[in-house]
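Undergrad:
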């Protein structure tokens, strides 16, 4: 499995993604500079978190125009898997690869804390290997993670089973109390209708090692790896 | 070009220079300085840049150890060896006055400035911490400052991509109108990557990189070196810089990339006193001269005068001296990062700092004299009058508590003790995926991995390191006894490191004090430095750098003297990393250290949070700090941790033993709105000859609450005693209550209730 992690000016979780994919999971991973217009030989693309272009204008709004995003769009159109994390999710929404938008947290403050995630569907390459009923404990760190879309889009997301993750309490109940940012339906992550492009606000790359006392995030990467290469799936 | 104003006594005074200083300037220059030169001297000889009032005192600090690779005062920040060819660079710096005037930008640029100091050394900044002080939260202006400062720090750190992993926040009336914002950053590098801020190599070109220069932050260093008044704040609003963390992130990446090419002969950030300080300091360090032409400097505003360009503190700018012939590499890398750059001058052998504007000389000054020959003052020190009252205070008029239920609740709710989650949840404390212990325990612990090193590290088996960080200062104690209180600040910091499993290796301090011309305030400073020096010596944690911030006063007087101490320590192995919260039902609770100090007439209550909160008195001789005892406690605790006996460790500080125990029962957090509670039954009934309030809330030093498995309890107690540390089992972990038995009765609290008070106090005040 060969991964590319995009690098925009202002990306700051790019190294963390490379670390997990390459050092923890053992898959060759390279950084792809935003001025590149060719992805090269890759099996999956990660759009990492950070403050691409300093969040100027609106989160993710400038990154979508970068040369590398045109290449990512083509890659996604051909069915290539793309995962956007945090600012990466915001960029994918701005680029039109995912529906909806991420707006200011309802607290109007940045939030960095651990949350529990309910895996709403296993029907995606990003969630298919996560054990059923498994709650994921993963941190969030964002000021604009409040998922919003119009009613028709939301209806469609639900009808097509595109909601991947929802903020939940420790019992797995999707409650308002467990919602850290005001997202509609506690949405923490979604995929597109073709199910090959996904975005999520929580940071699985920060919860992928025992050393950081949390490795639930690993399941998401392992899911993707297994989906792309069924032969490598853990027995 | 408009004519410069004539040099008059008034103008000299406006520049914060005394007539004597002006005479000295004339001697150095050999003539009357012009307006631009006067401005240059005024910032370079401000306290902020020259330490003219404190340099003599600071000589008392221990600055050497085998680990010191770059020592205090040599460069922008010190560097310590952490083994395997790796090193850390760290420093703390204040941004108090800017934050008082414009809290968001003031605090944000404080973070930006300290991060620049670190990557200037060639290190990749990997974490930040901070120490904050505000007035009391019932004042809406204080809340505005608090909110602004925290969001400014969050804005800068989060966007830059540096985790803010620890800190402290205190609220006290003395900081009303003059908040303290001390920001710390730590970076990592290999020994071969150390960069120097020296202008080496005559003929080497001098580059300016980073965003264009504007009128923001004009003479901020000089502004920081005078008393803060309402008037000065209003006038000096333009002295506050505006930060752009995105620019700084790009600038840092580009600088580290450039340093890796080997094309850099010297590098220096433009922080306080901007272009002025960076040019004359690099020349002074290099033993060379430097010549620049301001016409080449990228400028944001039209019509800026040489004076303004030289004194601007526009942010995110760097000065780089490049080896001649390798200019193209600068251009290639800075173009890649879409950053402005300009070649503005060259290194000379004249020893002069020559500044031209379109070829016309506007300043011509001896660089080393400017940088290093600021006057040194030995200010008058006089013991403050208030101390005699402090020393005569006794407990005679203080009624002991019969039932401590409410007192503990009040203490936990007191903002200085209450959980700081309202603050740290706004900081990204996990980016870079290295944070092993998040905010909320005694010390933060981060790991150093291959990608922490600039450019990465391609060793096959990278020798990962674990670094622990804490920052402490109980300024009430320092106010009541600057010497003992300052020793205690160091001791508490070291204790916090030990509780997390670390051995201290170095210190950086931020001396926040009042006007040094006031002999009583200068006495506080002098006594405090003496205490700090002894403390750092005792723990073999030399001072590697720091910052002095004087003139911290508002119209009502000076702040409590606040020598903030930040310490870095090393944890040997991952399994030694320890946190403060109880781990399992049935574990034994052990107190290391004495439960009471019979020689202290106030039994540890002097200056305590308890006296302040329950009896509304901030007075009394604070508890003594015995460094020998502290050191033995630290090494013993570490020994126990390294023998795998210790499951949790938490030191006793503000609020004493009862607050420490309460924090152990509830400070772990599984996830958002999901605390974890683990009560305890504590028996202190054998402790006699001590008042109940002193037993529970006294703040005598040298104490740590640890837990061990039931099986290891006796072993841990015996071993501690053998090593000279008083130790006794005081209870067992379990249940949903905190139960305390004393010789006068039994008291209990629901852990969930205590937690609510502690967790929500600041959030409620800010709602």
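Protein chains in written order, with the working numbering: chain A, 43 to 277; chain B, 37 to 803. Beta carbons: idealized from backbone N, C-alpha and C, even for Gly. Since we're looking at a predicted model, the values are computed, not measured.
I want to know whether the stretch 420-432 of chain B touches the stretch 355-374 of chain B - three or more CB-CB distances under 8 Å.
TA: Touching, no, given that fewer than three Cβ pairs across the two stretches are closer than 8 Å.
Undergrad: Nearest by alpha-carbon distance to residue 283 of chain B: which of A:44, A:45, A:46, A:50 is it?
TA: Residue 283 of chain B sits at position 247 when you count from the first residue of the second chain. Considering only alpha carbons, the answer is A:50.
Undergrad: Applying the 10 Å Cβ sphere with the 16-neighbour rule, what's the burial state of residue 266 of chain A?
TA: Translated into the one-based positions of the first chain, residue 266 of chain A becomes position 224. Result: buried.
Undergrad: Could you tell me whether the Cβ atoms of residue 225 of chain B and residue 541 of chain B are closer together than 7 Å?
TA: Here residue 225 of chain B refers to the residue found at position 189 of the second chain. Here residue 541 of chain B refers to the residue found at position 505 of the second chain. Going by C-beta atoms, residue 225 of chain B is not nearer than 7 Å to residue 541 of chain B.
Undergrad: Using C-beta distances below 6 Å, list every residue in its chain close to residue 529 of chain B, excluding the 5 sequence neighbours before and after it, in chain order.
TA: Here residue 529 of chain B is taken as the residue at index 493 of the second chain, counted from 1. Once the five neighbours on either side are set aside, the close Cβ partners of residue 529 of chain B are 506, 508, 601, 603.
Undergrad: DSSP three-state call for residue 632 of chain B: helix, strand or coil?
TA: Within the second chain, the letter at position 596 stands for residue 632 of chain B. Correct three-state label for residue 632 of chain B: coil.
Undergrad: Exposed or buried, residue 219 of chain A, counting other C-beta atoms within 10 Å across all chains shown (16 or more means buried)?
TA: Counted from its first residue, the first chain places residue 219 of chain A at position 177. Looking at its Cβ environment, which holds fewer than 16 other Cβ atoms inside 10 Å, residue 219 of chain A is exposed.
Undergrad: Going along the chain, which unbroken runs of the alpha helix (DSSP H) with 4 or more residues stay wholly within the stretch 53-133 of chain B?
TA: As far as the stretch 53-133 of chain B is concerned, its whole alpha helix (DSSP H) runs of at least 4 residues are 55-65, 71-80, 83-86, 91-94.
Undergrad: CB-CB under 6 Å to residue 812 of chain B, same chain, minus the five flanking residues each way: which ones, in chain order?
TA: Here chain B has residues from 37 to 803 only, and residue 812 of chain B is not among them.
Undergrad: For the stretch 150-169 of chain A, enumerate the residues whose C-beta is nearer than 7 Å to any C-beta of chain B, in chain order.
TA: Going along the stretch 150-169 of chain A in chain order, one finds 151, 152, 153, 154, 155, 156, 157, 158 with a Cβ nearer than 7 Å to chain B.
Undergrad: Assign residue 169 of chain B to one of three DSSP states: helix, strand, or coil.
TA: Start at 1 with the first residue of the second chain, and residue 169 of chain B comes out as number 133. In the structure shown, residue 169 of chain B sits in a strand (DSSP, three-state: E or B).
Undergrad: Tell whether a beta-carbon distance below 7 Å holds between residue 549 of chain B and residue 561 of chain B.
TA: In the second chain, residue 549 of chain B corresponds to position 513, counting from 1. In the second chain, residue 561 of chain B corresponds to position 525, counting from 1. For residue 549 of chain B and residue 561 of chain B, yes; Cβs fall inside 7 Å.
Undergrad: Is the beta carbon of residue 761 of chain B sitting closer than 7 Å to the one on residue 668 of chain B?
TA: The residue given as residue 761 of chain B occupies position 725 in the second chain. The residue given as residue 668 of chain B occupies position 632 in the second chain. It is a contact, given that the beta carbons lie within the stated cut-off.
Undergrad: Identify the contact partners of residue 219 of chain A in chain B, using a Cβ-Cβ distance below 8 Å as the criterion.
TA: As a working note, residue 219 of chain A is residue 177 in the first chain. Residues of chain B passing the Cβ test: 709.
Undergrad: In whole angstroms, what is the alpha-carbon distance linking residue 78 of chain B and residue 60 of chain B?
TA: Here residue 78 of chain B refers to the residue found at position 42 when the second chain is read from its first residue. Here residue 60 of chain B refers to the residue found at position 24 when the second chain is read from its first residue. Computed Cα separation, rounded: 12 Å.
Undergrad: For chain B, find out if any of its Cβ atoms is closer than 7 Å to the Cβ of residue 222 of chain A; answer yes or no.
TA: Here residue 222 of chain A refers to the residue found at position 180 when the first chain is read from its first residue. Yes, because at least one Cβ of chain B sits closer than 7 Å to the Cβ of residue 222 of chain A.
Undergrad: Output needed in chain order: residues of the stretch 49-81 of chain A with a Cβ under 7 Å from some Cβ in chain B.
TA: Flagged, chain order: 51, 52, 54, 55, 57, 58, 61.
Undergrad: Return the residue from the list B:796, B:67, B:102, B:743 that minimises the CA-CA distance to residue 450 of chain B.
TA: Counted from its first residue, the second chain places residue 450 of chain B at position 414. Checked all of B:796, B:67, B:102, B:743; the closest Cα to residue 450 of chain B is B:796.
Undergrad: Determine the direct distance from the alpha carbon of residue 127 of chain A to that of residue 68 of chain A, and round the result to whole angstroms.
TA: Taking the first residue of the first chain as position 1, residue 68 of chain A is located at position 26. Taking the first residue of the first chain as position 1, residue 127 of chain A is located at position 85. Each residue's Cα considered, the two are about 20 Å apart.
Undergrad: Return no unless some Cβ of chain B is closer than 7 Å to the Cβ of residue 100 of chain A.
TA: Locating residue 100 of chain A in the first chain gives position 58, where the first residue counts as 1. Chain B contact via Cβ: absent.
Undergrad: Taking 7 Å as the CB-CB limit, is residue 560 of chain B close to chain A?
TA: Against the second chain, residue 560 of chain B aligns to sequence position 524. Taking Cβ atoms only, chain A never reaches closer than 7 Å to residue 560 of chain B, which makes this a no.
Undergrad: Would a C-beta distance cut-off of 7 Å place residue 308 of chain B and residue 407 of chain B closer than the cut-off?
TA: Taking the second chain and counting its residues from 1, one reaches residue 308 of chain B at position 272. Taking the second chain and counting its residues from 1, one reaches residue 407 of chain B at position 371. Contact: no.
Undergrad: Closest Cβ-Cβ distance between residue 90 of chain A and chain B: below 7 Å?
TA: What you label residue 90 of chain A is simply residue 48 of the first chain in a count that begins at 1. For residue 90 of chain A, the answer is no, since every Cβ of chain B falls outside 7 Å of its Cβ.
Undergrad: With H, G and I counted as helix, E and B as strand and the rest as coil, what does DSSP make of residue 75 of chain A?
TA: The residue labelled residue 75 of chain A in the question sits at position 33 within the first chain. Here residue 75 of chain A sits in strand by DSSP.
Undergrad: Who does residue 770 of chain B pair with in a DSSP beta bridge?
TA: The residue labelled residue 770 of chain B in the question sits at position 734 within the second chain. Its beta-bridge partners do not exist; DSSP assigns none.
Undergrad: Taking Cβ positions only, does residue 387 of chain B come closer than 7 Å to chain A?
TA: By one-based count along the second chain, residue 387 of chain B stands at place 351. Residue 387 of chain B does not count as touching chain A.
Undergrad: Report the neighbours of residue 258 of chain A on chain B: residues whose CB is nearer than 7 Å to its CB, in chain order.
TA: To locate residue 258 of chain A, count along the first chain from 1; it is residue 216. Those do not exist, as residue 258 of chain A stays about 11 Å from chain B at its closest Cβ, beyond 7 Å.
Undergrad: Grouping DSSP H, G and I as helix and E and B as strand, with all else coil, what is residue 268 of chain A?
TA: Locating residue 268 of chain A in the first chain gives position 226, counting from the first residue. Here residue 268 of chain A sits in helix by DSSP.
Undergrad: Entirely within the stretch 189-215 of chain A and at least 3 residues each: give me those beta strand (DSSP E) ranges in chain order.
TA: Runs of the beta strand (DSSP E) inside the stretch 189-215 of chain A: 205-210.
Undergrad: State buried or exposed for residue 396 of chain B, treating a residue as buried only when at least 16 other CB atoms are found within 10 Å of its CB.
TA: As a position in the second chain, residue 396 of chain B is number 360, starting the count at 1. Exposed.
Undergrad: Counting Cβ pairs, one atom from each stretch, are 3 or more of them under 8 Å apart for the stretch 78-85 of chain A and the stretch 103-110 of chain A?
TA: Touching, yes.
Undergrad: For the candidate residues B:763, B:799, B:789, B:732, whose alpha-carbon lies nearest to that of residue 782 of chain B?
TA: To locate residue 782 of chain B, count along the second chain from 1; it is residue 746. Among B:763, B:799, B:789, B:732, the Cα nearest to that of residue 782 of chain B is on B:732.
Undergrad: Leaving out five residues before and five after residue 216 of chain A in sequence, what residues of the same chain have Cβ atoms less than 8 Å from its Cβ?
TA: Taking the first chain and counting its residues from 1, one reaches residue 216 of chain A at position 174. Correct list, in chain order: 160, 208, 209, 210, 227, 228.
Undergrad: Are there 16 or more other CB atoms within 10 angstroms of the CB of residue 62 of chain B, so buried, or fewer, so exposed?
TA: Numbered from 1 along the second chain, position 26 holds the residue referred to as residue 62 of chain B. With fewer than 16 Cβ atoms within 10 Å of its Cβ, residue 62 of chain B is classed as exposed.
Undergrad: Cutting at 7 Å between CB atoms, please list the residues of its own chain near residue 358 of chain B, excluding the five before and the five after it.
TA: Within the second chain, the letter at position 322 stands for residue 358 of chain B. These residues qualify, in order along the chain: 240, 241, 243, 299, 300, 301, 366.
Undergrad: Give me the Cα-Cα distance between residue 277 of chain A and residue 171 of chain A, rounded to the nearest whole angstrom.
TA: Along the first chain, one-based indexing puts residue 277 of chain A at 235. Along the first chain, one-based indexing puts residue 171 of chain A at 129. Unreliable positioning characterises residue 277 of chain A in this predicted model, as indicated by a pLDDT of 40, which lies under 50. The coordinate reading is nonetheless provided below. Their backbone Cα atoms lie some 12 Å apart in a straight line.
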